[in-house]
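If you read the protein sequences in the order shown, they are chains A and B. The opening residue of the first sequence carries number 2 in this note's numbering; numbering runs sequentially from there. The opening residue of the second sequence carries number 2 in this note's numbering; numbering runs sequentially from there. Using N, Cα and C, we set each Cβ at its ideal position, and we do this for glycine too. Notes to accompany the following structure.
There are 2 protein chains.
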Amino acid sequence: MEEKKLNNSVIKELMEKYKTIWALSHFGSLAHWDLNTYMPEEGIESRAEALAKLAVLSQKMFLEKDFLSLIKKAENEKELNDYEKAVIRLLNRSLKYYQKLPPEFIEEFTKVTSEAHVAWKNAKEQDNFSLFAPFLEKIVELVRKKAELLGYEKHPYDALLDEYEEGLTTEESENFFSQIKEPLKNLISYIKKSPKYKEEHELEKHEYDREKIKAFANFILTYIHYNMKHLRIDLSPHPFSTYIGKGDHRITMRPKDNFAKTYSSTMHEYGHALYDIQTHEDLHYSPIGGGTSLIIHESQSRFWENFIGKSKTFLASIYGEMKKINPEIEKYSIDDIYHYINLVKPSLIRTEADEVTYHIHIIIRFELEKALIEGKIKVSELPRIWKDKYQEYLGISPKTDKEGVLQDIHWSQGSIGYFPTYSMGTALSALWKKHIEKELGKIDDLVKTKEGIRKIQDWLKEKIHKHGATYLYNELLQKSTGESFSAKALLDYLEEKYKAIY
Amino acid sequence: MEEKKLNNSVIKELMEKYKTIWALSHFGSLAHWDLNTYMPEEGIESRAEALAKLAVLSQKMFLEKDFLSLIKKAENEKELNDYEKAVIRLLNRSLKYYQKLPPEFIEEFTKVTSEAHVAWKNAKEQDNFSLFAPFLEKIVELVRKKAELLGYEKHPYDALLDEYEEGLTTEESENFFSQIKEPLKNLISYIKKSPKYKEEHELEKHEYDREKIKAFANFILTYIHYNMKHLRIDLSPHPFSTYIGKGDHRITMRPKDNFAKTYSSTMHEYGHALYDIQTHEDLHYSPIGGGTSLIIHESQSRFWENFIGKSKTFLASIYGEMKKINPEIEKYSIDDIYHYINLVKPSLIRTEADEVTYHIHIIIRFELEKALIEGKIKVSELPRIWKDKYQEYLGISPKTDKEGVLQDIHWSQGSIGYFPTYSMGTALSALWKKHIEKELGKIDDLVKTKEGIRKIQDWLKEKIHKHGATYLYNELLQKSTGESFSAKALLDYLEEKYKAIY
Chain A
2 MEEKKLNNSV
12 IKELMEKYKT
22 IWALSHFGSL
32 AHWDLNTYMP
42 EEGIESRAEA
52 LAKLAVLSQK
62 MFLEKDFLSL
72 IKKAENEKEL
82 NDYEKAVIRL
92 LNRSLKYYQK
102 LPPEFIEEFT
112 KVTSEAHVAW
122 KNAKEQDNFS
132 LFAPFLEKIV
142 ELVRKKAELL
152 GYEKHPYDAL
162 LDEYEEGLTT
172 EESENFFSQI
182 KEPLKNLISY
192 IKKSPKYKEE
202 HELEKHEYDR
212 EKIKAFANFI
222 LTYIHYNMKH
232 LRIDLSPHPF
242 STYIGKGDHR
252 ITMRPKDNFA
262 KTYSSTMHEY
272 GHALYDIQTH
282 EDLHYSPIGG
292 GTSLIIHESQ
302 SRFWENFIGK
312 SKTFLASIYG
322 EMKKINPEIE
332 KYSIDDIYHY
342 INLVKPSLIR
352 TEADEVTYHI
362 HIIIRFELEK
372 ALIEGKIKVS
382 ELPRIWKDKY
392 QEYLGISPKT
402 DKEGVLQDIH
412 WSQGSIGYFP
422 TYSMGTALSA
432 LWKKHIEKEL
442 GKIDDLVKTK
452 EGIRKIQDWL
462 KEKIHKHGAT
472 YLYNELLQKS
482 TGESFSAKAL
492 LDYLEEKYKA
502 IY
Chain B
2 MEEKKLNNSV
12 IKELMEKYKT
22 IWALSHFGSL
32 AHWDLNTYMP
42 EEGIESRAEA
52 LAKLAVLSQK
62 MFLEKDFLSL
72 IKKAENEKEL
82 NDYEKAVIRL
92 LNRSLKYYQK
102 LPPEFIEEFT
112 KVTSEAHVAW
122 KNAKEQDNFS
132 LFAPFLEKIV
142 ELVRKKAELL
152 GYEKHPYDAL
162 LDEYEEGLTT
172 EESENFFSQI
182 KEPLKNLISY
192 IKKSPKYKEE
202 HELEKHEYDR
212 EKIKAFANFI
222 LTYIHYNMKH
232 LRIDLSPHPF
242 STYIGKGDHR
252 ITMRPKDNFA
262 KTYSSTMHEY
272 GHALYDIQTH
282 EDLHYSPIGG
292 GTSLIIHESQ
302 SRFWENFIGK
312 SKTFLASIYG
322 EMKKINPEIE
332 KYSIDDIYHY
342 INLVKPSLIR
352 TEADEVTYHI
362 HIIIRFELEK
372 ALIEGKIKVS
382 ELPRIWKDKY
392 QEYLGISPKT
402 DKEGVLQDIH
412 WSQGSIGYFP
422 TYSMGTALSA
432 LWKKHIEKEL
442 GKIDDLVKTK
452 EGIRKIQDWL
462 KEKIHKHGAT
472 YLYNELLQKS
482 TGESFSAKAL
492 LDYLEEKYKA
502 IY
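Structure representation (structure tokens):
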């Protein structure tokens with residue numbers, strides 16, 4: 002029999018105590034899922050009260066003397082394995098936030114971001130940046146204060162990046178973005194000059210029956226996934242994936258997205274869910290069950306969304322089901338659909354961007370965030386600089402702030418330092434693809450059959466998922482493939498694929 | 002401005018601390034709802050773990066020194082109002098269970114009932130009482146031990162009844178059942194002799210489209226209820242109602258019940274939900290929000306199920322919607338449907354029984370439970386005595402134990418002392434009906450219009466719901482109507498109604 006991953010007796014004792022904290026997070030995840038799916042509208046007040054109490058209680062249990070001394074005791078244990086070390090690392094990581102951020106700061110941050118979120122929604126609806134600007138100024142100020150409280154070595158933005166991706170630095174991100182910026186700009190201008198370039202595909206214009214799109218999303222999951230007894234899909238205003246507990250994984254889709262968006266978001270969220278589903282069973286109920294690295298998580302969601310979902314052979318194998326959504330689809334060949342799903346065109350909205358231009362959107366966010374934190378630009382200058390950058394990088398520029406600086410929710414929630422993980426996660430996905438293809442053969446061939454898809458799932462489980470949150474993204478990559486992180490695999494993939502299409 | 006119901010400063014301080022315990026119960030309710038509606042099948046292990054931790058944590062918080070001394074301090078406050086006194090009463094009631102039942106007892110009880118529940122399911126499936134008997138013997142033993150631990154004045158069954166209905170005694174229940182037993186037996190034999198008596202109604206035989214039945218249940222709620230922003234209906238294996246928080250009320254229906262059962266269970270669960278919905282808003286987040294008395298709760302569910310749901314004028318007002326379920330309904334007149342919904346016939350299954358014979362089922366449970374607790378009968382004798390009693394009281398007898406002693410879930414869960422609240426709650430509902438009719442006019446007239454239904458809802462709110470769990474059932478009845486509890490109103494109602502039908 003294989004040895005248990007968490008086997009040290011002090012770690013086991015620690016995990017037994019941790020189980021109550023885990024239980025609170027279980028209920029928190031369920032409550033957030035419910036809030037976004039089925040909760041009656043007027044339940045919001047009591048839900049918010051309950052979640053606030055849950056957060057305080059969880060912090061209190063983390064900081065209980067017995068628990069802290071058990072962490073200390075575990076730290077002094079010799080010969081811990083990687084999983085056991087990771088447990089301590091992640092508990093200490095949570096403790097750092099609980100200990101370094103004073104309750105008054107958390108309270109102010111929560112209050113300001115709650116108000117800012119409402120202000121942002123209004124500002125976006127009314128297309129009036131000035132309604133949001135004072136809140137964003139306050140947020141930038143608080144976020145800079147947070148960086149100081151948390152501490153950093155070189156750059157205050159490091160402390161912010163670290164919150165979303167443990168150990169990620171400004172230097173690393175900058176290095177990454179400088180690798181992709183020029184090659185992508187060149188690729189985009191190549192595509193725009195292609196005779197096959199078009200701004201819109203006919204398939205975009207059709208109306209689809211919502212019930213049929215839902216049925217299609219359900220079909221997709223039952224087709225690619227091997228066990229629907231631990232996975233379900235529901236409707237919510239924004240698609241998300243959540244890991245409620247062992248054997249309980251849920252993703253959502255928007256009620257009104259068209260066929261292509263539902264398809265792509267379902268594949269994306271499935272990738273997130275599969276990572277959690279395939280965590281080694283010893284890691285459930287521990288802080289290393291599932292992933293905490295946003296880069297690794299995004300590498301999984303983008304993997305399914307882009308390499309499988311946008312693959313021509315995969316599209317061919319689900320063509321019959323697609324036609325059930327709308328008889329008009331029958332008029333289009335697989336090549337038409339493939340081109341539609343892989344259409345590249347500079348656009349204003351990040352979440353609707355294709356594989357190539359997507360990263361330019363992220364570069365713009367990254368450059369703006371860094372400059373804001375450094376105090377090099379002011380909040381009031383954002384709309385103008387935003388427009389300039391879009392013009393410079395993508396050759397288009399939003400007419401309104403609604404389609405520009407006000408489009409994303411992140412800043413209103415105080416999430417500064419999050420965006421880079423989207424791009425870097427996508428780059429990591431291309432590295433996994435490269436190694437899977439080296440070991441198992443072309444993904445386009447594998448996805449032709451359910452057995453091939455299962456081989457991919459097994460590879461991902463073995464190399465990535467089963468470890469949960471044990472390793473940082475670059476460690477995991479090194480350990481599983483022997484390669485170091487870089488943007489090259491992503492660039493090679495995009496070049497090859499899109500030069501073939503265009 | 003009206004004074005707040007919970008206004009004393011010590012009570013307010015106590016409620017602030019209680020809010021965390023409330024939050025845990027909020028998550029517990031949500032988790033149970035989810036477990037019965039949407040949770041993926043394989044999520045059960047982690048859900049059970051989380052709920053077990055939640056129970057322990059909740060008990061721990063209850064027994065924290067600060068909290069206990071605050072309860073003591075509140076007890077010494079002078080001039081508390083009824084609501085404030087009820088808060089202390091209910092906190093002490095919870096404390097009694099936490100303090101008198103040792104953790105080892107709770108653990109054993111939980112373990113035995115979990116195993117017994119599985120054994121009962123198997124025994125029922127295989128129609129083999131002997132598979133369940135040893136577990137039930139153990140349960141009876143533990144339940145008698147529980148009575149000793151909790152303490153009682155006259156009869157050990159008092160301690161068990163009290164767990165489900167605060168203050169209810171064996172003497173009171175016996176007195177109640179002795180009032181109804183003979184009159185109901187006489188009424189049943191009157192009905193059986195009527196030329197209109199029939200064993201089955203043609204409408205029972207039709208097949209119905211499930212989606213249409215669901216739509217009908219939704220219609221019923223939007224028709225009778227004034228705000229669907231705080232109420233929803235979903236599917237679950239057994240219908241139930243749950244109060245998750247202020248503005249968050251949910252009921253369920255079975256996925257495969259026929260039209261009549263769905264209709265009746267929806268009205269029933271709505272009655273439970275309305276009680277919680279109409280609690281005074283000052284009482285949310287406190288232990289007196291909603292009801293804890295099963296008799297009062299059942300008086301609300303049975304009120305909507307029987308007096309409104311089975312009313313001919315109400316049936317007439319929803320006749321158009323009924324016909325949408327199945328065109329064959331059109332062949333039947335309102336009189337036919339009224340007769341179908343109010344069909345009386347002795348039957349074997351309690352949950353399917355009509356208004357008249359229902360109480361006989363409860364009397365049988367009550368007599369058996371009391372004799373078991375007194376040690377006058379043995380578990381092994383139950384199947385035989387069960388059959389004898391059904392033969393004696395209803396003139397029919399189950400051929401199998403599946404349709405007999407194994408039919409109900411209660412004993413397998415260790416719930417002994419619960420059944421009497423079903424009958425007594427129904428008797429209380431008839432008392433409310435009597436007083437509503439005295440003050441507002443005939444229910445059959447009121448339910449003809451939405452305004453009339455709203456008048457009933459307002460009366461229930463004013464006399465019952467707004468008080469939450471402040472009063473015991475007999476106190477509340479006295480306070481709101483000046484009358485004492487008895488079975489007379491129930492018997493008068495049944496006599497009048499069913500002598501008119503038959």
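- With fewer than three CB-CB distances shorter than 8 Å, the segment 385-401 of chain A does not count as touching the segment 316-329 of chain A.
- For A/PRO41, the C-beta contacts it makes with chain B under 9 Å involve MET229, LYS230, HIS231, LEU232, ARG233, ILE245, GLY248, ASP249, HIS250 and ARG251, in order along the chain.
- DSSP links B/MET254 through a beta bridge to B/LEU236.
- When DSSP assignments are scanned along the segment 172-250 of chain B, the uninterrupted stretches of beta strand (DSSP E) that are 3 or more residues long and fall wholly within it turn out to be 232-236 and 242-246.
- Residues of chain B with a Cβ closer than 8 Å to the Cβ of A/GLY44 are, in chain order, HIS231, ILE245, GLY246, LYS247, GLY248 and ASP249.
- Going by C-alpha positions, A/TYR39 is about 46 Å away from B/ILE192.
- Taking CB atoms only, A/LEU15 has no neighbour in chain B less than 7 Å away.
- In this structure, the alpha-carbon of A/GLN458 lies about 54 Å from that of B/GLU14.
- Going by DSSP, A/MET268 is part of the alpha helix (DSSP H) stretching over 260-278.
- For B/GLU484, same chain residues with a beta-carbon under 7 Å away, outside a window of 5 residues either side, are LEU432 and LEU478 in chain order.
- In this model, B/ILE45 and B/THR280 are separated by some 32 Å (Cα to Cα).
- 7 Å or more divides the Cβ of A/LYS146 from the Cβ of A/VAL113.
- When rounded, the separation of the alpha-carbon atoms in A/MET268 and A/TRP305 is 5 Å.
- For secondary structure counted as the alpha helix (DSSP H) over 4 or more consecutive residues, the segment 352-427 of chain A holds these complete runs in sequence order: 359-375 and 383-395.
- Three or more beta-carbon pairs separated by less than 8 Å link the segment 462-479 of chain B to the segment 282-302 of chain B, which places the two stretches in contact.
- Assignment of B/ALA470 by DSSP, reduced to helix, strand and coil, places it in the coil class.
- Contact fails between the segment 14-23 of chain B and the segment 203-220 of chain A, because fewer than three Cβ pairs, one in each stretch, are under 8 Å apart.
- A/SER487 sits in coil when the DSSP states are folded into three classes, being neither helix nor strand.
- Counting only residues of its own chain and dropping the five nearest sequence neighbours on each side, A/ASN219 has a CB closer than 7 Å to the CB of ILE234.
- Neighbours of A/LEU58 in chain B, taken as residues whose beta carbon is under 7 Å from its own, are THR21 in chain order.
- Every alpha helix (DSSP H) of 4 residues or more that sits fully in the segment 63-87 of chain B is shown, in chain order, as 66-76.
- Taking a Cβ-Cβ cut-off of 7 Å, the neighbours of B/ALA32 in chain A comprise PHE28 and LEU31, given in sequence order.
- About 5 Å separates the CB atoms of B/PHE178 and B/ILE364; that is less than 8 Å, so the two are in contact.
- Around the Cβ of A/TYR494, a 10 Å sphere holds 16 or more other Cβ atoms; the residue is buried.
- Taking 7 Å as the cut-off, the Cβ atoms of B/HIS118 and B/SER413 count as close.
- Going by DSSP, B/GLU322 is part of the alpha helix (DSSP H) stretching over 320-326.
- Chain A has no Cβ within less than 7 Å of the Cβ of B/LYS66.
- Contact fails between the segment 391-411 of chain A and the segment 250-268 of chain A, because fewer than three Cβ pairs, one in each stretch, are under 8 Å apart.
- By the neighbour-count definition (other C-beta atoms within 10 Å, threshold 16), B/LYS379 is an exposed residue.
- Counting only residues of its own chain and dropping the five nearest sequence neighbours on each side, B/TYR286 has a CB closer than 6 Å to the CB of LYS20 and TRP23.
- Taking C-beta atoms as the reference points, B/GLU85 and B/ILE12 count as a pair closer than 7 Å.
- B/PHE110 is not a Cβ neighbour of B/ALA124, given a cutoff of 7 Å.
- Counting along the chain, A/ASP35 sits inside the alpha helix (DSSP H) bounded by residues 10-38.
- By the C-beta density criterion, B/GLY168 is exposed, having fewer than 16 other C-beta atoms within 10 angstroms.
- Straight-line spacing of the CA atoms in B/LYS462 and B/PRO288 works out to 18 Å.
- Excluding its 5 nearest sequence neighbours in each direction, B/LEU64 has C-beta neighbours in its own chain below 7 Å: TYR99, listed in chain order.
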